[in-house]
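**Student:** One structure is given below, represented as structure tokens, and several questions about it will come after.
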Amino acid sequence: AQSVTQLGSHVSVSEGALVLLRCNYSSSVPPYLFWYVQYPNQGLQLLLKYTTGATLVKGINGFEAEFKKSETSFHLTKPSAHMSDAAEYFCAVSAGAQKLVFGQGTRLTINP
Amino acid sequence: NAGVMQNPRHLVRRRGQEARLRCSPMKGHSHVYWYRQLPEEGLKFMVYLQKENIIDESGMPKERFSAEFPKEGPSILRIQQVVRGDSAAYFCASSPTSDTEAFFGQGTRLTVV
Numbered sequence: 079a080q081s082v083t084q085l086g087s088h089v090s091v092s093e094g095a096l097v098l099l100r101c102n103y104s105s106s107v108p109p110y111l112f113w114y115v116q117y118p119n120q121g122l123q124l125l126l127k128y129t130t131g132a133t134l135v136k137g138i139n140g141f142e143a144e145f146k147k148s149e150t151s152f153h154l155t156k157p158s159a160h161m162s163d164a165a166e167y168f169c170a171v172s173a174g175a176q177k178l179v180f181g182q183g184t185r186l187t188i189n190p
Numbered sequence: 042n043a044g045v046m047q048n049p050r051h052l053v054r055r056r057g058q059e060a061r062l063r064c065s066p067m068k069g070h071s072h073v074y075w076y077r078q079l080p081e082e083g084l085k086f087m088v089y090l091q092k093e094n095i096i097d098e099s100g101m102p103k104e105r106f107s108a109e110f111p112k113e114g115p116s117i118l119r120i121q122q123v124v125r126g127d128s129a130a131y132f133c134a135s136s137p138t139s140d141t142e143a144f145f146g147q148g149t150r151l152t153v154v
């Protein structure tokens with residue numbers, strides 16, 4: 079069985095500040111890990127994914143995440159927040175590429 | 042190459058009516074997944090289909106819900122005798138194979154009144 083916990087349902091940062099969204103997972107098999115972004119009334123867009131190989135994964139819009147097996151974490155970061163980053167972010171895990179198990183989501187607010 | 046197309050985008054049904062949600066996968070994609078997002082919650086897996094076959098329906102409610110992906114045409118998620126608790130956003134995703142990234146549609150927002 080797999081599960082995802084996103085710490086913090088709401089995160090607020092100032093424009094230009096570091097963005098850190100936390101995700102911890104549980105998986106009985108080597109996980110595939112994903113971060114998705116959802117803008118209001120839109121579908122999900124893939125930001126980045128980890129399957130195998132390099133543990134630091136770079137995605138779109140300047141986001142990156144690091145897979146830490148010892149901590150069962152896959153936190154999402156961006157060095158400098160932009161107003162357009164305001165959205166809902168979902169971490170997800172799967173045993174393969176399918177049947178994703180999502181976290182509850184973190185709503186990111188950017189303050190001018 | 043158009044993305045995953047879902048229609049309608051918004052659907053209002055009275056309690057007891059039927060809701061039909063359609064999903065046209067991306068060209069060349071034969072694997073379709075349906076997820077449900079309840080208000081203020083993450084997405085929950087419902088069902089995984091490949092052309093004409095249900096592969097995994099472990100997330101589907103036992104009653105009133107069904108899904109199909111015929112040889113021709115879109116995938117359909119059907120909800121019979123809708124209740125207020127069915128109000129949610131329903132997302133479809135598709136992929137070309139079982140072990141590649143799935144792309145999501147924009148969702149159908151079902152409101153039961």
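Quick mapping for you: the protein sequence lines, in order, are chains D and Z.
Residue numbering for the first sequence follows my numbering, beginning at 79 and increasing consecutively.
Residue numbering for the second sequence follows my numbering, beginning at 42 and increasing consecutively.
Even for Gly, the Cβ is constructed at its ideal location relative to N, Cα and C.
Values in this document were obtained by computation on a predicted structure and should not be read as measured data.
1) List, in order along the chain, the chain D residues whose C-beta lies closer than 7 Å to that of glutamine 147(Z)?
2) Flag this pair as yes or no: are the beta carbons of threonine 150(D) and tyrosine 110(D) separated by less than 8 Å?
3) Rounded to the nearest angstrom, what separates leucine 154(D) and glutamine 58(Z) at their Cα positions?
4) Might you give, ordered along the chain, the residues of its own chain that have their beta carbon closer than 6 Å to the beta carbon of glycine 86(D), omitting 5 neighbours on each side?
5) With DSSP run on the structure shown, which of helix, strand or coil describes asparagine 139(D)?
6) Among residues of its own chain, excluding the 5 on either side of glutamine 122(D), which ones have a beta-carbon nearer than 8 Å to its beta-carbon?
7) Quick check on threonine 149(Z): buried or exposed, where buried means 16 or more other Cβ atoms within 10 Å of its Cβ?
8) So which residues on chain Z does glutamine 80(D) lean against when the C-beta distance must stay under 8 Å?
9) From leucine 125(D) to glutamate 142(D), what distance separates their C-alpha atoms?
10) Let me know the secondary structure DSSP gives arginine 105(Z) once reduced to three states.
11) Helix, strand or coil, according to DSSP, for arginine 125(Z) in the structure here?
12) Is the Cβ-Cβ distance between alanine 143(Z) and alanine 134(Z) less than 8 Å?
13) Return the first residue and the last residue of the beta strand (DSSP E) that aspartate 163(D) is part of.
14) Nearest-angstrom Cα distance between leucine 98(D) and phenylalanine 152(D)?
15) Could you check the C-alpha separation between isoleucine 95(Z) and valine 88(Z) for me, to the nearest Å?
16) Relative to the alpha-carbon of isoleucine 120(Z), which residue among Ala43(Z), Gly44(Z), Arg63(Z), Lys85(Z) has its alpha-carbon at the smallest distance?
17) Please list, in chain order, the residues of the segment 73-96 of chain Z that have any C-beta partner in chain D closer than 7 Å.
**Tutor:** Here's the rundown:
1) Gln120, Gly121
2) no
3) 42 Å
4) Thr184
5) helix
6) Note on identity: in this sequence residue 122(D) is leucine, with glutamine being the wrong assignment. The answer, listed in chain order, is Tyr114, Val115, Gln116, Phe168.
7) buried
8) The premise fails here: glutamine 80(D) is roughly 11 Å from chain Z at the closest Cβ pair, so nothing lies under 8 Å.
9) 8 Å
10) coil
11) helix
12) yes
13) Taken as a continuous stretch (DSSP letters only), aspartate 163(D) belongs to no beta strand (DSSP E), as it is neither H nor E.
14) 11 Å
15) 8 Å
16) Arg63(Z)
17) Tyr74, Glu82, Gly83, Leu84, Phe86, Tyr89
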